[in-house]
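Remarks on the structure that follows.
There are 2 protein chains.
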Amino acid sequence: MTLKKSLARPDWWMDLPDGADTRHYLGVRDSIAAHIENGDLGHNACLPSERQLQSGTGAARGTVRAALFQLEAEGLIYRKERSGWYVSPAPIVYDPTRWEGFMSYVKAQGRDPKTELLGTCEVQATAALADIFGVDAGATLYELRRRRYVDDRAVLVETIYVDPRLAPGLLDHDLDGSLTQVLKREYVVDVARNRIDMQPCALTQAEAAALRVKSGLPGLLVTRISYDAQGRVVEYDQEYWRHDALKVSVDIRVG
Amino acid sequence: MTLKKSLARPDWWMDLPDGADTRHYLGVRDSIAAHIENGDLGHNACLPSERQLQSGTGAARGTVRAALFQLEAEGLIYRKERSGWYVSPAPIVYDPTRWEGFMSYVKAQGRDPKTELLGTCEVQATAALADIFGVDAGATLYELRRRRYVDDRAVLVETIYVDPRLAPGLLDHDLDGSLTQVLKREYVVDVARNRIDMQPCALTQAEAAALRVKSGLPGLLVTRISYDAQGRVVEYDQEYWRHDALKVSVDIRVG
DNA sequence: AAATAAATCTGGTGTAAACCAGTTTAGATA
DNA sequence: TATCTAAACTGGTTTACACCAGATTTATTT
């Protein structure tokens, strides 16, 4: 008669510190996290495959995956579909009050920014858009979709809307860089006020595909509405960020 | 000879819209999400149990759980350990620039705030703390831990550090409300500047326990350093929020 | 009616095994 | 050498159990 499996002492038993949480997947998590924090694995280094980790830890693959999901939620690792798991690089620090634009603040942090224009078009304002811009529903707006990179890793996709009355012919300009600068230089349109919303979200179908991540991964939705001195809406921007790529930092004088 | 199981058409096959994603767990997700968005389930309503959903959808329990995790990441539902899954209430809107304090802005949104003092003590400043306060390592600091609720759901736990030199005897006051007001009223200490950091994180052991959620759940770490007019650090605050309880909204004039 | 004990229900964790569909790599071919 | 192809590998998804411990409810006792 054999010992019931659940009563047999598993071979990873002794790895667990005394009095510690006995959850196996946390043990696996800690072990991987230790390797990362120890510096054994540099930024963007590839982790052993799930099946290797499985045999290495003696856990079932489901358990190994639970540990990997945990580390992903913590922002320590990310994945490329069907390729592997990788160590997350340090996040970009984002200060909404210091409005310099993506290109300059990424560069200022010693990282390599890149913007890719995915497409532009003219759209009819939906009710929500019309409300934001203070125009009639159905009015024409410019829409541009861009993808932005840090060190060649896609970190956000954004959809920007601009009122053509403020920037006629905008789509003919070079939009691979700072849109704010184009507006300033070509149209003498200056941003005087920003309204920024941030909310944890799940990356849906379209965003996830554009970031080449699994749909449903956690992300951060940053919405920005820029106004000029007259209170007109200059730009409405929806940015979907990888949740591990961003750290928000604000410095505010209190009245 | 029987048909191989994986080739047999599963009984949920016809539920999937044409051309849609064939991933079963997303189908389950959509079905639950529809019920929520439809209003069949009000805020804080309890979902059917995992095993009920299982038989209701014909999926394995693991698949049902994948769907629930997805909805949790999206902030639509939350769980009480070993009790059930519940519909998330609307998030609180938080404006770091408008520094009124938790109690007042939660109330302003028609919700019911509550603060609970978990404990206070005097601690020796660690290197990191000493650096923030500009004191010597080992200097004494007040530490207070609090838990804050919205409509009787715990949404954040915080650890606050205060320099005793600015507010001697602080711990003898009533700290169940606004700390900023106590500092202002009792010590004539006014906050002139705030530095606020926000970063997605995983709720670790202690925070998760205090929020009565599973350790490792995604959260948002909001760190605030408050300075007075002389640039002295008045207060250093680490807030661990449930990720589904908060929406950050900032309105900024651009110089 | 209130306190207590037991049965039941619920999520939490773990195992094992398949099969699928992109990615990557190594080898064969032009 | 460059290109193409096929095999190997990787994560992605799903099934089906099993057992645990906390939460809840029910029945029982005081």
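Residue numbers (this note's numbering), protein chains in the order written: chain A, 1 to 255; chain B, 1001 to 1255. C-beta: ideal position from N, C-alpha, C; glycine also.
Distance, residue j Cα to residue i Cα
i	j	result
residue 1199 of chain B	residue 1090 of chain B	21 Å
residue 29 of chain A	residue 67 of chain A	5 Å
residue 1146 of chain B	residue 1187 of chain B	21 Å
residue 88 of chain A	residue 1034 of chain B	34 Å
residue 177 of chain A	residue 235 of chain A	15 Å
residue 202 of chain A	residue 102 of chain A	22 Å
residue 1080 of chain B	residue 1044 of chain B	11 Å
residue 153 of chain A	residue 218 of chain A	17 Å
residue 1115 of chain B	residue 1173 of chain B	15 Å
residue 1070 of chain B	residue 1185 of chain B	46 Å
residue 1155 of chain B	residue 1074 of chain B	16 Å
residue 95 of chain A	residue 1093 of chain B	19 Å
residue 9 of chain A	residue 24 of chain A	Confidence is the limiting factor: at residue 9 of chain A the pLDDT is only 28, short of 50, which leaves the residue's position unreliable, though a coordinate-based value still follows. Looking at the two C-alpha atoms, the distance is approximately 13 Å.
residue 1237 of chain B	residue 1144 of chain B	9 Å
residue 1026 of chain B	residue 1113 of chain B	35 Å
Backbone secondary structure at residue i - three-state DSSP
i	result
residue 1109 of chain B	coil
residue 100 of chain A	coil
residue 1184 of chain B	helix
residue 1194 of chain B	strand
residue 213 of chain A	coil
residue 81 of chain A	coil
residue 1165 of chain B	coil
residue 1052 of chain B	helix
residue 1154 of chain B	strand
residue 171 of chain A	helix
residue 41 of chain A	coil
residue 1179 of chain B	helix
Boundaries of the beta strand (DSSP E) in which residue i is found, first to last residue
i	result
residue 238 of chain A	233-242
residue 204 of chain A	Run containing residue 204 of chain A: none; DSSP gives neither H nor E here.
residue 249 of chain A	246-253
residue 1093 of chain B	1092-1094
Residue i, buried or exposed, once every other Cβ within 10 Å from all chains shown has been counted against 16
i	result
residue 1118 of chain B	exposed
residue 246 of chain A	buried
residue 168 of chain A	exposed
residue 1121 of chain B	exposed
residue 1194 of chain B	buried
residue 57 of chain A	buried
residue 1244 of chain B	buried
Range covered by the alpha helix (DSSP H) that runs through residue i
i	result
residue 990 of chain B	Residue 990 of chain B falls outside the range modelled here, since chain B spans only 1001 to 1255, and no answer is possible.
residue 28 of chain A	24-38
residue 1219 of chain B	Element bounds for residue 1219 of chain B: not the alpha helix (DSSP H) but the beta strand (DSSP E), 1218-1227.
residue 1129 of chain B	1127-1133
| field | Contact set between the stretch 1180-1214 of chain B and chain A, restricted to residues whose Cβ is under 7 Å from the partner | value | 1191, 1192, 1193, 1194, 1195, 1196, 1197, 1198, 1199, 1200, 1201, 1202
| said: Counting only Cβ-Cβ distances shorter than 9 Å, please list the residues of the stretch 120-144 of chain A near chain B, keeping chain order. | reply: none
| request: For the stretch 1087-1119 of chain B, enumerate the residues whose C-beta is nearer than 8 Å to any C-beta of chain A, in chain order. | output: 1091, 1096, 1097, 1099
| message | Using a Cβ-Cβ cutoff of 9 Å, what residues of the stretch 1237-1248 of chain B are near chain A? List them in chain order. | response | 1243, 1244, 1246, 1247, 1248
| Contact residues within the stretch 20-39 of chain A, judged by C-beta distance below 7 Å to chain B | none
| query | Going along the chain, which residues of the stretch 1055-1071 of chain B sit with their C-beta nearer than 9 Å to a C-beta in chain A? | reply | 1062, 1069, 1070, 1071
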